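Residue numbers (this note's numbering), protein chains in the order written: chain A, 262 to 401; chain B, -14 to 430.
We put the beta carbon where it would ideally sit given N, CA and C, even for glycine.
Computed from a predicted model, the values in this text were never measured in an experiment.
First up is the structure itself, then whatever we jot down about it.
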């Protein structure tokens, strides 16, 4: 299979695969994502209306609410969480939601951190997969 | 990419290890596991002692939050440090205010009870800093709730990292937190200067504009630490409103306001440090804020284009369905400002007028007879919760909600499905009176 790879720093380990949803603007999961539908509901966000479910969610960092960890956890319970979360900057709140999901349900999307230049290179819509060691493989 | 500190490399004390091993009960073991995992995420080398906590996880967002709380309760969880609770999903004093399903009510209530069973103080407020003894300058605490975090760090000079739901209670149960981020002196220096000195004095001293300034700061500085230069002397309610807005549009957990907040007696102090070893006073970025910037921000706080224009008289025909105040929770001083306005311009019967606050403010209102007077004019005062986190509003979604809160303006469209119009307190009251948007032509920059 053709493609290319990036090395990420693992914050919460796991595997995941799906199409990349690339957000240039940060997103608060609480008030920004509906955990029942898995869609972005922050009306001021440029990608409002799109689904994060099963996507490799690429975003600079979370913003806003402390409850974003709760909304990510609820997404895991309901099966609407992203397949993986790829950050440019360390975000303790999304990683926390994933860490608690692992503790509680023994499953969660992996959360990883990329260097800014690598993060920028990830194309929106590309098929990607992430392995346990933080290797991100992008198809095409 | 630099290797993370794995959990194995986090230095733990004997007591930390005992908790991890389950010697202090199953709940403490779960809590310590989460803390150690997060210490690894943050790259912390050790944990530190905390002296207080504020918990955001008591608000119902779905069954997973209840699952986690029940796991802790079943494991014998008790908090080890004084711990306060954020808003829950219900007004426990006025159950009739809840407009959701019986099932949701039962779950929201059970979640609140779980946190009470763990020994937390049931103050149920997002403004704990106005309701309880406050953390002292320099004190290490673990707070969640974005506006409370930014207030504790910025206005009180207490030290908390930007925590989310779940790690808050884990810190409270163990009395420990990862030694990272804003807990540490060297990470509290200002990075981006917002120079407000070019704004006309009348604009700089208008307290109703502080949420717009905060919203601009959060948008532009993201997760860096802003320094506000040239802010006129703002009172605590103003700083509360500014911080809450900045923590909504951005990931702001600490701001310095030169000459106002305790770690910023001077610009140099805000940018540098009391420790000369940590380097000189250099800003990463310097942003001159103009009146045009502020106008643009005021426009983006409203989602109704016609109402968002800063022209006097703009949007004069726009119907207002709801006025919602009190995010963060209204203080007695804010009520004192509201009451005479409402008595002069009582809300129209067709407009839902809700103010969210905590029990302490409610007691003050009741004692002073103000509660009865507000209610007589149709103002609903809701405690323990708030209108963007729980089904409180009776007006069907889809209408227009007006507020003086940057945080409500940010979250109401997504959370409760209303268009929003931002305005001053007086504009909100006058608009509720007219059931149409009322703009004060004297006010707008």
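Would residue 512 of chain B and residue 129 of chain B be called neighbours here (beta carbons separated by less than 7 Å)?
Outside the displayed span of chain B (-14 to 430) sits residue 512 of chain B, for which this structure offers no information.
If you count every other CB in all the chains shown that lies within 10 Å of the CB of residue 122 of chain B, and 16 or more means buried, which is it?
Counting from one through the second chain, the residue named residue 122 of chain B turns up at place 137. Classification of residue 122 of chain B: exposed, given that the 10 Å Cβ count is below 16.
Of the choices B:197, B:90, B:152 and B:28, whose alpha-carbon is the least far from that of residue 370 of chain B?
Within the second chain, residue 370 of chain B is the residue found at index 385, counting from 1. Residue B:90 is the option with its Cα nearest to residue 370 of chain B.
Can you check which of these residues, B:214, B:287 and B:283, is closest to residue 270 of chain B by C-alpha distance?
Working through the second chain from its first residue, we reach residue 270 of chain B at position 285. Checked all of B:214, B:287 and B:283; the closest Cα to residue 270 of chain B is B:214.
Using 7 Å as the limit for Cβ to Cβ distance, is residue 295 of chain B near chain A?
Walking along the second chain from the start, residue 295 of chain B turns up at place 310. Note on residue 295 of chain B: pLDDT 48, under 50, position unreliable in the model; no value is reported.
Look up residue 211 of chain B in the DSSP assignment and give the residues it is bridged to.
Your numbering for residue 211 of chain B matches position 226 in the second chain. According to DSSP, residue 211 of chain B bridges with B:177.
Quick check on this structure: which residue in B:29, B:158 and B:384 has the alpha carbon closest to the alpha carbon of residue 307 of chain B?
Position 322 of the second chain, counting from 1, holds the residue named residue 307 of chain B. With distances taken between Cα atoms, residue 307 of chain B lies closest to B:384.
Consult DSSP for residue 372 of chain B and reduce its assignment to one of helix, strand or coil.
The residue given as residue 372 of chain B occupies position 387 in the second chain. Coil.
Whole angstroms is fine: what's the gap from residue 281 of chain B's alpha carbon to residue 3 of chain B's?
On the second chain, position 296 is the one that residue 281 of chain B refers to. On the second chain, position 18 is the one that residue 3 of chain B refers to. Per the coordinates, the alpha-carbon of residue 281 of chain B lies some 55 Å from the alpha-carbon of residue 3 of chain B.
Mind pulling the alpha helix (DSSP H) runs of 4 or more residues that sit fully within the region 217 to 270 of chain B?
221 to 234 and 252 to 256
So is residue 360 of chain A in contact with chain B if we call contact Cβ pairs under 7 Å?
In the first chain, the residue the question calls residue 360 of chain A occupies position 99. Yes - at least one Cβ of chain B is within 7 Å of the one on residue 360 of chain A.
For chain A, find out if any of its Cβ atoms is closer than 7 Å to the Cβ of residue 50 of chain B; answer yes or no.
Position 65 of the second chain, counting from 1, holds the residue named residue 50 of chain B. It does: the Cβ of residue 50 of chain B has a partner Cβ on chain A nearer than 7 Å.
Tell me the rounded alpha-carbon separation between residue 200 of chain B and residue 235 of chain B.
Numbered from its first residue, the second chain carries residue 200 of chain B at position 215. Numbered from its first residue, the second chain carries residue 235 of chain B at position 250. Answer to the nearest angstrom: the Cα atoms are 8 Å apart.
Using a Cβ-Cβ cutoff of less than 6 Å, which residues in the same chain neighbour residue 416 of chain B once the five nearest sequence positions on both sides are dropped?
Position 431 of the second chain, counted from the first residue, corresponds to residue 416 of chain B. Excluding residues within five positions, the ones whose Cβ falls inside 6 Å are 305, 387, 422 and 423.
Could you check whether the Cβ of residue 448 of chain A sits closer than 7 Å to any Cβ belonging to chain B?
This structure does not reach residue 448 of chain A, given that chain A is present from 262 up to 401, and the question cannot be answered.
Take residue 265 of chain A and list the residues in its own chain whose beta-carbon comes closer than 6 Å to its own, dropping the five residues that flank it on each side.
For this step, residue 265 of chain A is matched to residue 4 along the first chain. 399, listed in sequence order.
Checking the sheet assignment: what are the DSSP bridge partners for residue 128 of chain B?
Along the second chain, one-based indexing puts residue 128 of chain B at 143. Answer by DSSP bridge pairing, in chain order: B:39.
Quick one, which of B:330, B:194 and B:337 has its alpha-carbon nearest residue 408 of chain B's?
Numbered from 1 along the second chain, position 423 holds the residue referred to as residue 408 of chain B. Considering only alpha carbons, the answer is B:194.
Fully enclosed by the region 321 to 379 of chain A, which alpha helix (DSSP H) runs are 4 residues long or longer?
The region 321 to 379 of chain A contains these whole alpha helix (DSSP H) runs: 329 to 339 and 353 to 366.
On a CA-only basis, which of B:144, B:225 and B:330 is nearest residue 35 of chain B? Give me that one, please.
For the purposes of this step, residue 35 of chain B is taken as residue 50 along the second chain, with counting starting at 1. Taking the Cα of residue 35 of chain B as reference, the smallest distance to any Cα among B:144, B:225 and B:330 is reached at B:144.
Counting only Cβ pairs nearer than 7 Å, list the residues of chain D close to residue 302 of chain A.
The structure shown contains no chain D; the protein chains it does contain are A and B.
Based on the DSSP secondary-structure assignment, which residues constitute the bridge partners of residue 377 of chain B?
Position 392 of the second chain holds residue 377 of chain B. Note: residue 377 of chain B sits in no beta bridge, so no partner.
Kindly indicate which residue of B:65, B:19, B:29 and B:318 has the alpha-carbon position closest to the one of residue 169 of chain B.
As a position in the second chain, residue 169 of chain B is number 184, starting the count at 1. The candidate whose alpha carbon is nearest that of residue 169 of chain B is B:29.
Is any beta-carbon of chain A found at less than 7 Å from that of residue 152 of chain B?
If you number the second chain from 1, residue 152 of chain B lands on position 167. It does: the Cβ of residue 152 of chain B has a partner Cβ on chain A nearer than 7 Å.
Quick check on residue 167 of chain B: buried or exposed, where buried means 16 or more other Cβ atoms within 10 Å of its Cβ?
For the purposes of this step, residue 167 of chain B is identified with residue 182 of the second chain, where counting begins at 1. Answer is buried; the Cβ neighbour count reaches 16.
If the criterion is Cβ atoms closer than 7 Å, does the pair residue 12 of chain B and residue 42 of chain B meet it?
The sequence position of residue 12 of chain B within the second chain is 27, counting from 1. The sequence position of residue 42 of chain B within the second chain is 57, counting from 1. No.
Would you say residue 286 of chain A lies against chain B (beta-carbon separation less than 7 Å)?
Here residue 286 of chain A is taken as the residue at index 25 of the first chain, counted from 1. No, residue 286 of chain A does not count as interfacial toward chain B.
Between which two residues does the beta strand (DSSP E) carrying residue 311 of chain B extend?
Against the second chain, residue 311 of chain B aligns to sequence position 326. Its beta strand (DSSP E) spans residues 307 to 315.
When burial is assigned at 16 or more other CB atoms within 10 Å of the CB, is residue 263 of chain B buried or exposed?
Taking the first residue of the second chain as position 1, residue 263 of chain B is located at position 278. Bear in mind that a pLDDT of 49 at residue 263 of chain B, under 50, signals an unreliable position, so the model cannot answer this.
Helix, strand or coil for residue 108 of chain B? Go by DSSP, reduced to three states.
Walking along the second chain from the start, residue 108 of chain B turns up at place 123. Coil, per DSSP.
Thinking C-alpha only, which one of B:390, B:157 and B:231 is nearest residue 65 of chain B?
The residue you call residue 65 of chain B lines up with position 80 of the second chain. Taking only the C-alpha atoms, the option nearest residue 65 of chain B is B:157.
Among B:276, B:275 and B:254, whose alpha-carbon lies nearest the alpha-carbon of residue 267 of chain B?
Position 282 of the second chain, counting from 1, holds the residue named residue 267 of chain B. Residue 267 of chain B has its Cα closest to that of B:254, out of B:276, B:275 and B:254.
If you reduce the DSSP assignment to three classes, tell me which class residue 29 of chain B lands in.
Locating residue 29 of chain B in the second chain gives position 44, counting from the first residue. Three-state result, residue 29 of chain B: coil.
So with CB distances below 7 Å, who are the chain A contacts of residue 396 of chain B?
Taking the first residue of the second chain as position 1, residue 396 of chain B is located at position 411. Under the 7 Å cutoff, chain A gives 292.
Relative to the C-alpha of residue 434 of chain B, which residue among B:160, B:333, B:198 and B:212 is closest?
Outside the shown range of chain B (-14 to 430) lies residue 434 of chain B, about which nothing can therefore be said.
Along the region 129 to 152 of chain B, where does the CB come closer than 8 Å to a CB of chain A? Name the residues.
129, 130, 131, 134, 146, 147, 148, 149, 150, 151 and 152
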